[in-house]
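Numbering (the working numbering), first residue to last: 8 to 489.
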């Protein structure tokens with residue numbers, strides 16, 4: 008005899024990858040903490056990295072969420088290089104038998120399944136178990152490009168990168184050709200085919216899209232996708248703004264350098280330190296690392312720099328002396344720290360001594376920066392990061408960036424010095440910091456009782472409770488309602 012609960016149960020199934028897991032862990036935590044859900048997160052992984060293991064163990068230790076780990080399907084390596092738009096959907100398609108077994112074994116059957124945009128294939132399992140089906144995405148603007156891409160595919164001839172005009176999305180900010188996401192850079196590639204397919208199916212296989220933003224952060228784009236006549240046949244399901252969902256300080260797990268970094272920050276003046284990190288997958292060339300180091304040294308500003316071995320043109324080992332300028336560490340020892348392992352980003356960005364963030368512009372990192380009231384130096388490298396950088400610089404006014412995209416040309420030491428000084432010393436930094444603090448207050452308000460995101464999640468809870476009651480009425484007499 009199995010158990011049904013009147014309390015809604017959400018099953019969150021992130022595709023493999025640190026960013027995807029962290030995003031859905033935060034959604035699960037919010038549902039469990041503030042909206043009276045049972046929440047279970049199913050983690051698909053193989054060869055789990057130390058950093059990923061830390062995140063999983065931290066989530067388990069809180070005992071707030073159910074955590075189920077499933078091995079990756081046979082023949083798949085979740086850490087393998089390759090296109091995320093072909094590799095990850097294949098994993099999530101092939102994991103379905105294991106997912107079915109895991110759900111069948113649950114005493115409390117889920118009333119809703121939540122996946123990211125690479126996991127839409129798993130929603131067929133949700134259909135079998137009569138669950139509501141939701142897809143999470145990052146920002147509204149990047150969602151608009153994903154949903155409108157099938158239209159652009161018919162309208163535009165040739166490669167997007169070769170277009171002379173902006174790519175128009177009705178009611179939303181146009182996209183510069185050089186800012187398009189990676190799958191759109193080569194229309195002959197399988198990755199592009201997968202991107203277009205996801206853009207077509209995301210609204211037909213789900214009951215709604217959950218966006219990690221809030222109404223006041225991207226109002227124009229959200230209004231367009233909901234109300235503009237050209238969107239009526241595209242946006243077929245409700246759009247729920249549920250953000251900002253980011254890691255809170257103290258929840259990232261980890262050890263090692265954590266105390267050393269935070270102890271060092273305790274000794275620095277308020278808002279004086281620039282934090283530099285390019286995410287778990289962001290790597291610079293040896294030449295760019297050299298220019299970054301010289302730019303930091305010339306700026307004479309305090310910093311914490313998370314450095315990974317260069318992508319090309321230099322050493323591949325863990326000896327930083329092989330790819331940093333000779334004497335750099337000695338000359339800057341009183342101003343900065345260089346970190347070659349894991350760093351507790353959430354705790355660092357929250358610290359009062361930190362005054363800015365040089366970031367790759369992953370959406371999670373961008374939101375963390377905003378929620379700590381920090382101005383940014385935008386340094387996009389891959390995925391949707393160029394669009395995010397444009398949003399941060401041109402729309403939200405909380406960031407500056409190099410004159411040329413870092414993926415196109417080397418940013419020299421003089422330009423880096425100038426960018427760092429703008430953030431830390433000049434009035435530009437103060438204006439961006441003030442704007443970031445405005446958005447911080449707006450984001451916090453959205454998640455408070457009565458705020459826009461709180462209300463959206465409350466509506467989600469209401470629908471899931473209705474679905475739970477319907478499940479209870481249809482399961483038969485071998486089920487117990489509690």
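Note that the Cβ used here is the ideal one computed from N, Cα and C, for glycine as well.
Quick caveat: nothing in here was measured; it's all calculated off a predicted structure.
Taking every protein chain shown into account, the CB of residue 371 has 16 or more other CB atoms within 10 angstroms, so this residue is buried. When C-alpha distances from residue 232 are compared across 353, 101, 246, the shortest belongs to 246. Annotation: the continuous beta strand (DSSP E) that includes residue 141 extends over 139 to 144. Taking the C-beta atoms as reference points, residue 180 is found no nearer than 8 Å to residue 391. DSSP places residue 475 in the helix class (H, G or I) of the three-state scheme. Measuring C-alpha to C-alpha distances from residue 126 to each of 188, 27, 236 identifies 27 as the nearest. Counting only runs of 3+ residues, the beta strand (DSSP E) found wholly inside the stretch 155 to 235 occupies 215 to 218, in chain order.
Assigned with DSSP and collapsed to three states, residue 314 falls in coil, not helix or strand. Residue 382 and residue 394 have their alpha carbons spaced roughly 17 Å apart.
Short of 6 Å from the beta carbon of residue 241, and not among the five residues preceding or following it, lie these beta carbons of its own chain, in chain order: 154. Sorting 429, 407, 132 by C-alpha distance to the C-alpha of residue 387 places 407 at the top. Sequence-distant partners of residue 93 (beyond 5 residues in either direction) whose C-beta falls short of 6 Å from its own C-beta, in its chain, are 197, 198, 201. Listed in chain order, the non-local C-beta contacts of residue 359 below 6 Å within the same chain comprise 277, local neighbours out to five positions each way being set aside. The count of Cβ pairs closer than 8 Å, one atom from the stretch 90 to 105 and one from the stretch 201 to 217, reaches three, so the stretches are in contact. In the three-state DSSP reduction, residue 76 falls in the strand class (E or B).
Annotation: residue 380 is outside any beta strand (DSSP E) and is labelled neither H nor E by DSSP.
DSSP places residue 131 in the uninterrupted alpha helix (DSSP H) bounded by 130 to 135. By the CB criterion at 8 Å, residue 140 and residue 51 fall outside the cutoff. In this structure, the straight-line span from the alpha carbon of residue 442 to that of residue 355 is close to 20 Å. Bounds of the alpha helix (DSSP H) holding residue 110 are 103 to 111. By the Cβ test, the stretch 100 to 112 is in contact with the stretch 66 to 85, since at least three Cβ pairs between them sit closer than 8 Å. Annotation: the continuous alpha helix (DSSP H) that includes residue 454 extends over 434 to 454. Under the three-state reduction of DSSP, residue 280 is assigned to strand. For residue 246, there is no enclosing alpha helix (DSSP H); the enclosing beta strand (DSSP E) has its first and last residue at 246 to 248. The C-beta distance from residue 244 to residue 210 rounds to 5 Å, short enough to meet the 8 Å contact threshold. In chain order, 141, 244, 245, 247 place their CB closer than 6 Å to the CB of residue 215, counting only its own chain and leaving out the 5 sequence neighbours on each side. A straight line joining the alpha-carbon of residue 344 with that of residue 273 spans about 13 Å. In this structure the stretch 406 to 422 does not touch the stretch 165 to 177; the number of beta carbon pairs closer than 8 Å is below three.
Note that the C-beta distance between residue 254 and residue 63 is not below 8 Å.
Boundaries of the beta strand (DSSP E) harbouring residue 16: 16 to 20, taken from the DSSP string. Spatial neighbours of residue 338 in its own chain (CB-CB distance under 8 Å, excluding positions within 5 residues in sequence) are listed in chain order as 304. As a beta-bridge residue in DSSP terms, residue 361 pairs with 280.
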